[in-house]
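**Student:** After the structure tokens below, expect a handful of questions from me.
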Amino acid sequence: MVQGTTSKEAHNESLTVRDERTGKTYTIPIVENSIPATAFKKIVAPSKKGEREENETERGLRVLDKGFLNTAVIRSQITYIDGEAGILRYRGIPIEQLAVNSSYLECAYLLIYGNLPTRPHFNTFKAEVMHHSIMHHDSEELFASFRYDSHPMAILTSAFAALGSYYAEANPSLAGQGLYTRGTPESLAIMDKQIYRLLGKATTMAAMAYRIRQGRAFVTPPVGLSYTGSFLYQMDHLGEEGYKPNPILEKALDVLFLLHADHELNASCTTVLQTGSSLVDPYSAVAAGCASLYGPLHGGANEAVIRMLISIGPPDNVPRFLEQVKKKERVLSGFGHRVYKTSDPRSFIVRKTADEVFALTGTDPLLQTAMRLHDEAMKDDYFVSRKLAPNVDFWSGLIYRAMGFPMDFFPVLFAVPRVAGWLAHWRQMMLQEGGVKIWRPRQIYVGPEKRDFVPIEERKDEGKQPRERPTEVYHSGQSKRYYLAEYTGKAKL
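Numbering follows the UniProt record's numbering, with no gaps: position 471 of the sequence shown is 471.
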């Protein structure tokens with residue numbers, strides 16, 4: 001029997017499994033509507049004759065879950081999502097209430113520390129974050145080393161990783177692996193200081209990545225502005241006296257930051273925790289999360305929406321585009337979500353914010369195409385039956401475009417606010433009961449069984465598919481001349 005009790009009450013909170021291979025019955029406890037995956041290791045059976053030894057049948061069952069479709073890897077108190085009902089809450093508070101009444105920095109505090117702050121606590125938190133927004137002068141050389149046309153996410157990811165090299169006291173490899181897990185006042189103080197630094201410098205580094213493209217000198221973070229106000233100032237200030245960003249754009253960006261602050265265990269957050277489970281410094285963990293968010297299936301989705309709308313063209317082209325989507329000839333970006341099976345609750349808030357921005361900036365020509373796409377898709381059974389409703393990316397890209405941000409900067413505007421969520425989950429894991437265990441998933445090995453090494457002269461070409469052999473690269477220009485030249489030690493192709 002697997003761990004459990006024999007009482008009727010306890011039996012009702014369990015799962016009974018009968019292994020037809022052996023006839024044995026196992027009782028697995030259900031706690032918080034979940035079952036421990038390790039319980040299945042107790043379900044063993046003898047190997048069948050001729051069975052692959054790599055199946056490890058006698059060592060217990062493994063749980064196969066490609067892409068974490070239904071696997072919980074941590075107990076969390078931070079963000080709750082109900083995809084069926086379209087619910088998103090930060091620490092129990094509905095996102096709709098926070099978007100109207102709170103700010104990004106206040107939500108960052110809420111996510112990290114668990115409750116909305118009192119005014120004295122929030123003043124301390126905000127002052128520390130803004131104080132730590134200034135970058136070391138030497139870091140300017142790192143940013144300047146990138147080409148003017150480098151993708152800003154490549155720059156930002158590199159900058160987060162490099163940032164850790166400035167703070168030896170923040171590195172568990174140097175200061176001891178219990179640096180962040182002890183939970184003592186001294187340990188918490190060190191942890192909080194890194195949180196202030198990462199939140200404060202995120203906007204500064206993003207602005208520096210932006211100004212590289214413009215060929216402009218970097219701007220020292222100003223005093224007295226809001227978090228998003230300081231961000232806009234650092235991107236756009238050209239030396240004018242008394243410069244202040246437009247308050248409507250400042251507020252709109254703050255709302256978008258708030259909505260993007262956290263979204264439970266998405267790909268980038270999971271990457272942060274996977275990396276952080278090795279007890280690496282938080283700068284390296286955040287850099288890994290930034291790299292994960294870079295992908296078009298994650299942080300690049302709002303950029304993909306704009307490229308899609310541009311490719312569609314005028315609103316009259318929408319019906320033809322949707323027919324192509326149904327035939328799998330085109331990709332519909334900005335609709336549907338891995339978690340939400342109804343409407344994304346953030347999309348309604350973003351839509352209202354979009355109206356406020358467009359009233360200031362003027363209507364984007366793509367808006368009419370977007371509206372037609374929205375209306376046509378929402379009355380088409382093909383998309384309705386598949387629960388493909390607009391998500392937050394559908395509208396946020398239009399807002400960023402209206403505000404004058406280049407498309408490849410959109411993922412940066414996703415990454416900067418998500419730092420708060422990453423840090424909240426990282427901090428929770430560091431302080432969890434029982435300590436931190438390094439994340440090490442299992443695999444189902446389906447490769448070749450044991451085989452002997454064959455000398456190269458005796459080998460046969462066994463690659464039957466293109467993926468089983470290296471691709472030959474066509475060389476032209478300088479490379480072609482180089483390979484045609486003769487020199488000592490030239491390799492034989």
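Positions of the beta carbon are idealized from the N, C-alpha and C atoms, including for glycine. Here the structure is a predicted model, which means the values were calculated and not measured.
(1) Check Asp355 in the structure and name its three-state DSSP category.
(2) Can you give me the Cβ contacts of Ala72 inside the same chain, cut-off strictly under 7 angstroms, excluding the 5 residues immediately before and after it?
(3) Report back the beta-carbon spacing between Gly299 and Pro411 to the nearest angstrom; my notes put them in contact at under 8 angstroms.
(4) For Phe321, count the other beta carbons within 10 Å of its own beta carbon; 16 or more makes it buried, fewer makes it exposed. Which is it?
(5) Ignore the nearest five residues each way along the sequence and tell me which others in Val272's own chain have a CB closer than 7 angstroms to its CB.
(6) Three or more C-beta pairs under 8 angstroms: does that hold for the segment 344-352 against the segment 92-100?
(7) Thinking just about the alpha-carbon of each residue, which of Trp439, Phe231, Ala377, Glu51 is nearest to the one in Asn246?
(8) To the nearest angstrom, how far is it from the Cα of Asn317 to the Cα of Gly362?
(9) Any idea what DSSP makes of Tyr113, helix, strand or coil?
(10) Below 8 angstroms between beta carbons: does that hold for residue 496 and Val255?
(11) I'd like the ranges of any beta strand (DSSP E) spanning at least 3 consecutive residues and lying wholly in the segment 26-105.
(12) Cβ of Asn123 within 8 angstroms of Cβ of Arg91?
(13) Can you name, in chain order, every residue of its own chain whose Cβ lies under 7 angstroms from the Cβ of Arg330, other than the five neighbours on each side?
(14) Is Asp65 buried or exposed, if buried means 16 or more other CB atoms sit within 10 Å of its CB?
(15) Can you name, in chain order, every residue of its own chain whose Cβ lies under 8 angstroms from the Cβ of Met429, other than the five neighbours on each side?
(16) Compute the Euclidean distance between the alpha carbons of Ala159 and Ser479, then round it to the nearest angstrom.
(17) Could you check the C-alpha separation between Thr79 and Gly463 for me, to the nearest Å?
(18) From the DSSP output, in three-state form, read off Ser145 for me.
(19) Which ranges does the alpha helix (DSSP H) cover as unbroken runs of at least 4 residues, wholly within the segment 390-469, from first to last along the chain?
(20) Just to confirm the assignment, what range does the alpha helix (DSSP H) spanning Arg372 have?
(21) When we look at the beta-carbon of Lys450 and count the other beta-carbons within 10 Å, is it buried (16 or more) or exposed?
(22) Which residue from Gly176, Leu179, His137, Met191 puts its Cα closest to that of Ile112?
(23) So, helix, strand or coil for Thr275, using DSSP?
(24) Please tell me whether Ile399 and Thr353 are closer than 8 angstroms, where the distance is taken between their beta carbons.
(25) Here's the rule: buried if 16 or more other CB atoms are within 10 angstroms of the residue's CB, otherwise exposed. What is Arg18?
(26) Within the same chain, show all residues whose beta-carbon is closer than 7 angstroms to that of Cys269, passing over the 5 residues directly before and after it, in chain order.
(27) So who's on the other strand from Leu15, going by DSSP bridges?
(28) Which same chain residues end up closer than 6 angstroms to Phe394 when comparing Cβ atoms and leaving out the 5 residues on each side of it in sequence?
(29) Based on DSSP bridge pairs, tell me the residues matched to Phe335.
(30) Let me check understanding here. Comparing Cα to Cα, which of Lys379, Val44, Lys42, Met205 lies closest to Leu142?
**Tutor:** In brief:
(1) Sequence index remark: in the sequence shown, residue 355 carries index 355 (1-based). Three-state result, Asp355: helix.
(2) As a working mapping, residue 72 is identified with position 72 in the sequence shown. The residues are Ser34.
(3) To locate residue 299, count along the sequence shown from 1; it is residue 299. To locate residue 411, count along the sequence shown from 1; it is residue 411. Your pair Gly299 and Pro411 checks out as a contact, with CB atoms roughly 4 angstroms apart and the cut at 8 angstroms.
(4) Stepping through the sequence shown from its first residue, residue 321 is reached at position 321. In the assembly as shown, Phe321 is a buried residue. Its beta-carbon has 16 or more other beta-carbons within 10 Å.
(5) Locating residue 272 in the sequence shown gives position 272, where the first residue counts as 1. Within the same chain, Cβ atoms closer than 7 angstroms to the Cβ of Val272 are found at Ala285, Val286, Ala288, Gly289, Trp422, His425, Trp426, the five residues on either side in sequence being excluded.
(6) As far as the Cβ criterion goes, the segment 344-352 touches the segment 92-100, which means the pair count is three or higher.
(7) Position 246 of the sequence shown, counting from 1, holds the residue named residue 246. With distances taken between Cα atoms, Asn246 lies closest to Phe231.
(8) The residue labelled residue 317 in the question sits at position 317 within the sequence shown. The residue labelled residue 362 in the question sits at position 362 within the sequence shown. Approximately 23 angstroms, taken between the alpha carbons.
(9) Residue 113 sits at position 113 when you count from the first residue of the sequence shown. Of the three classes helix, strand and coil, the one that applies to Tyr113 here is helix, per DSSP.
(10) The requested residue 496 does not occur in the structure, where the chain is confined to residues 1 to 493.
(11) Those beta strand (DSSP E) runs which fall completely within the segment 26-105 and span 3+ residues are 79-82, 87-90.
(12) Taking the first residue of the sequence shown as position 1, residue 123 is located at position 123. Taking the first residue of the sequence shown as position 1, residue 91 is located at position 91. No, the pair does not count as a contact, with Cβ atoms beyond the cut-off.
(13) Taking the sequence shown and counting its residues from 1, one reaches residue 330 at position 330. Cβ neighbours of Arg330 beyond the five flanking positions: Phe321, Gln324.
(14) Locating residue 65 in the sequence shown gives position 65, where the first residue counts as 1. Per the 10 Å Cβ criterion, exposed.
(15) Here residue 429 refers to the residue found at position 429 when the sequence shown is read from its first residue. Around Met429: Ile74, Leu273, Gly276, Ser277, Val436.
(16) Along the sequence shown, read from residue 1 onward, the residue named residue 159 stands at position 159. Along the sequence shown, read from residue 1 onward, the residue named residue 479 stands at position 479. Straight across, the Cα-Cα distance linking Ala159 with Ser479 is about 32 angstroms.
(17) As a working mapping, residue 79 is identified with position 79 in the sequence shown. As a working mapping, residue 463 is identified with position 463 in the sequence shown. Distance between Thr79 and Gly463, taken at the CA atoms: about 47 angstroms.
(18) Numbered from its first residue, the sequence shown carries residue 145 at position 145. In the three-state reduction of the DSSP assignment, Ser145 falls in the coil class.
(19) List check, alpha helix (DSSP H) in window: 392-402, 410-430.
(20) To locate residue 372, count along the sequence shown from 1; it is residue 372. Unbroken alpha helix (DSSP H) run through Arg372: 365-378.
(21) Here the question's residue 450 lines up with position 450 in the sequence shown. The residue is exposed, with fewer than 16 neighbouring Cβ atoms inside 10 Å.
(22) Here residue 112 refers to the residue found at position 112 of the sequence shown. Ranked by Cα distance from Ile112, the options Gly176, Leu179, His137, Met191 are led by Met191.
(23) Here residue 275 corresponds to residue number 275 of the sequence shown, with the count starting at 1. Thr275: helix per DSSP, three-state reduction.
(24) Residue numbering aside, residue 399 sits at position 399 when the sequence shown is read from its first letter. Residue numbering aside, residue 353 sits at position 353 when the sequence shown is read from its first letter. Using a Cβ distance threshold of 8 angstroms, Ile399 and Thr353 count as a contacting pair.
(25) What you label residue 18 is simply residue 18 of the sequence shown in a count that begins at 1. By the neighbour-count rule (16 or more Cβ atoms within 10 Å), Arg18 is not buried but exposed.
(26) Indexing the sequence shown from 1 puts residue 269 at position 269. Counting only Cβ-Cβ distances below 7 angstroms, and skipping sequence neighbours, we find Gly289, Gly421, Trp422, His425.
(27) One-based indexing of the sequence shown puts residue 15 at position 15. Leu15 pairs with Ile28.
(28) By one-based count along the sequence shown, residue 394 stands at place 394. So the list reads Val305, Gly334, once near-sequence residues are dropped.
(29) For this step, residue 335 is matched to residue 335 along the sequence shown. Partner(s): Pro390.
(30) As a first step, residue 142 must be located in the sequence shown, where it is residue number 142. Measuring from the Cα of Leu142, the nearest candidate turns out to be Met205.
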